[in-house]
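S.K.:
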Amino acid sequence: MKGIVGYTSDPIVPSDVIGREETMVYDEKATMIPKIHY
């Protein structure tokens with residue numbers, strides 16, 4: 411997926427991703443995984 415999905419662990423704002431070649435940027439600090447209750 412190289413070139414399609416980017417990755418950053420630094421805090422970013424929307425202007426930081428303008429002009430990047432990747433289709434998506436995974437932001438480690440902003441990604442939240444909900445707890446699923448069954």
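Residue numbers for the sequence shown follow the working numbering, beginning at 411 and rising by one. All C-beta atoms, glycine included, are put in the ideal place defined by N, C-alpha and C. Keep in mind that this is a model prediction, so the values were computed, not measured.
Assuming Asp437 and Ile422 are in contact, meaning their beta carbons sit under 8 angstroms apart, how far apart are those beta carbons, in whole angstroms?
M.R.: One-based indexing of the sequence shown puts residue 437 at position 27. One-based indexing of the sequence shown puts residue 422 at position 12. Indeed they touch by this definition, with Cβ atoms about 6 angstroms apart.
S.K.: If distances are taken between C-alpha atoms only, which option among Tyr448, Gly416 and His447 comes closest to Glu431?
M.R.: Counting from one through the sequence shown, the residue named residue 431 turns up at place 21. Ranking the options by Cα distance to Glu431, first place goes to Gly416.
S.K.: Distance check for Val427 and Lys439, CA to CA, integer angstroms please.
M.R.: One-based indexing of the sequence shown puts residue 439 at position 29. One-based indexing of the sequence shown puts residue 427 at position 17. Taking the straight line from one Cα to the other gives about 15 angstroms.
S.K.: Pick from Met434, Ile443 and Tyr448: whose alpha carbon is nearest that of Lys412?
M.R.: For the purposes of this step, residue 412 is taken as residue 2 along the sequence shown, with counting starting at 1. Cα-wise, what sits closest to Lys412 is Met434.
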